[in-house]
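For the sequence shown, the working numbering begins at 1 and goes up steadily by one. All residues carry an ideal CB built from backbone N, CA and C; glycine is no exception.
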Amino acid sequence: MVSALREAPLIRVHSSPVSSPSVSGSRRPVSCLSSQSSALSQSGGGSTSAAGIEARSRALRRRWCPAGIILLALISLLSCLLPASEAKVYGRCELARVLHDFGLDGYRGYSLADWVCLAYFTSGFNTAAVDHEADGSTNNGIFQINSRRWCRNLTPNVPNVCQMYCS
1 MVSALREAPL IRVHSSPVSS PSVSGSRRPV SCLSSQSSAL SQSGGGSTSA AGIEARSRAL
61 RRRWCPAGII LLALISLLSC LLPASEAKVY GRCELARVLH DFGLDGYRGY SLADWVCLAY
121 FTSGFNTAAV DHEADGSTNN GIFQINSRRW CRNLTPNVPN VCQMYCS
């Protein structure tokens, strides 16, 4: 399709895209022309020969289409958000239900309200929360487990008591 657009000369009238006939007689859409081209065609300036139009169209074809740039930016943004979608921010009651289902109500003398309060004030119920400490360690997750002792965070020579990665 790109080669097909390269073969056809690009013509623009009054700043709106038009189709140009090709050698075979079919019509191809033309877009993304600069406003200079329409100003020249409206004022009668520039070359009116076929060679002049073709030379101008070759130069204009090399420019990015604003709609194409917007689409590319949107796709890039969405692809950046995909890995972040694994994180979850719980609601208060939803987290209480999950903690209750895992048997944390009364675990080691702490009530469900204590666990929910801890999660709220440490991470705001955000499972992807990461806080960086001055010593280079990080506090990770909904309960802000510290990497200095409890998990491995790509730092060598740490105890890693839980025998797991922080992520």
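query = What is the DSSP secondary structure of R149, counted as helix, strand or coil?
reply = coil
query = How would you label G141, buried or exposed, when you count the other beta carbons within 10 angstroms and need 16 or more for buried?
reply = buried
ask   = Anyone know if the C-beta pair for N139 and N146 falls short of 7 Å?
value = yes
key: Beta-carbon spacing of L112, D105 below 7 Å   = yes
ask   = According to the neighbour-count rule (16 or more other Cβ atoms, all chains shown, within 10 Å of its Cβ), is Y90 buried or exposed?
value = buried
request  = Measure the alpha-carbon distance for K189 versus Y110 and round it to whole angstroms.
outcome  = In the structure as shown, the chain begins at 1 and stops at 167. Residue 189 is therefore absent and cannot be evaluated.
C93 to C162 span [Cα, whole Å] = 28 Å
query = Q144 and S123: beta carbons closer than 7 Å?
reply = yes
task = Within its chain, find whatever has a CB closer than 6 Å to the CB of M164; leave out the 5 residues flanking it on each side and keep chain order.
result = C151
task = Pull up the distance between the alpha-carbon of T155 and that of H132, whole angstroms please.
result = 13 Å
query = Using the rule of at least 16 other Cβ atoms within 10 Å of the residue's Cβ for burial, across every protein chain shown, is V116 buried or exposed?
reply = buried
message = Using CA atoms only, rank isn't needed, just tell me which of A129, L95, V158, V130 is closest to D114.
response = L95
key: Rounded separation between D135 and P159 - CA only   = 15 Å
ask   = Leaving out the 5 sequence neighbours to the left and right, which residues in its chain are closer than 6 Å to R148 when beta-carbon positions are compared?
value = S137
inquiry  = What does the alpha-carbon distance come out to for the pair N157 and V130?
reply    = 21 Å
query = Any idea which residues DSSP pairs V98 with across the strands?
reply = Looking at the DSSP assignment, V98 forms no beta bridge with any residue, so it has no partner.
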